[in-house]
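In this note's numbering, the protein residues as written are 331 to 465.
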């Protein structure tokens with residue numbers, strides 16, 4: 331089982347890992363939440379996170395806190411920062427000029443999705459024929 335989500339869904343995925351749920355992967359876009367001290371040590375799977383460089387909801391200080399937490403816990407993690415992207419860069423309906431700090435970025439939306447698929451391919455290998463038996 332993998333936990334992958336955008337926004338709140340990604341935060342839930344991180345919390346599942348911090349609660350010690352047996353996951354094969356955690357992927358989060360736009361949600362770099364941090365837990366209480368010691369919680370991240372329960373994460374036993376790779377974590378991938380993606381965030382826009384111009385996201386005011388996940389600013390550099392939040393990115394730094396997230397990476398420090400992952401490092402301190404010895405988690406296998408990686409963070410992709412998408413240059414020029416705002417919060418919710420993956421979601422076209424969010425591109426509202428009146429909502430500060432959010433905006434659709436189609437190129438980075440595609441890249442983030444590919445990064446999620448790559449994470450799943452790495453952590454949840456699939457055989458060509460799931461019904462095939464060795465021998």
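Where is the CB? At the ideal position from N, CA and C, for every residue including glycine.
Cut-off 6 Å between Cβ atoms - residues of its own chain near residue i, not counting five sequence neighbours on either side
i	result
residue 407	377, 400
residue 386	431
residue 382	412, 415, 416, 419
Opposing strand residues paired with residue i [DSSP bridges]
i	result
residue 443	In the DSSP output, where bridge partners are listed per residue, residue 443 has none listed.
residue 434	Beta-bridge pairing links residue 434 to no other residue.
residue 361	For residue 361, which the question treats as bridged, DSSP gives no partner whatsoever.
residue 334	357
Spatial distance of residue i from residue j (CA atoms)
i	j	result
residue 349	residue 374	11 Å
residue 414	residue 368	33 Å
residue 344	residue 397	13 Å
residue 305	residue 416	The structure shown does not extend to residue 305, since the chain is modelled only from 331 through 465, so no value can be given for it.
residue 363	residue 422	23 Å
residue 390	residue 456	36 Å
residue 340	residue 346	10 Å
residue 365	residue 436	31 Å
Enclosing alpha helix (DSSP H) for residue i [first to last residue]
i	result
residue 342	338-348
residue 370	Neither: residue 370 is in no alpha helix (DSSP H) and is coded neither H nor E.
residue 396	390-403
Residue interval of the beta strand (DSSP E) (run including residue i)
i	result
residue 354	Careful: residue 354 lies outside any beta strand (DSSP E) and carries neither H nor E.
residue 379	377-382
Same chain, Cβ closer than 7 Å to residue i, five either side skipped, listed in chain order
i	result
residue 354	331, 332, 375, 453, 454
For residue i, three-class secondary structure by DSSP
i	result
residue 410	strand
residue 415	coil
residue 450	helix
Nonlocal neighbours in the same chain, by C-beta distance under 8 Å from residue i, ignoring five residues either side
i	result
residue 442	359, 380, 410, 412, 419, 420
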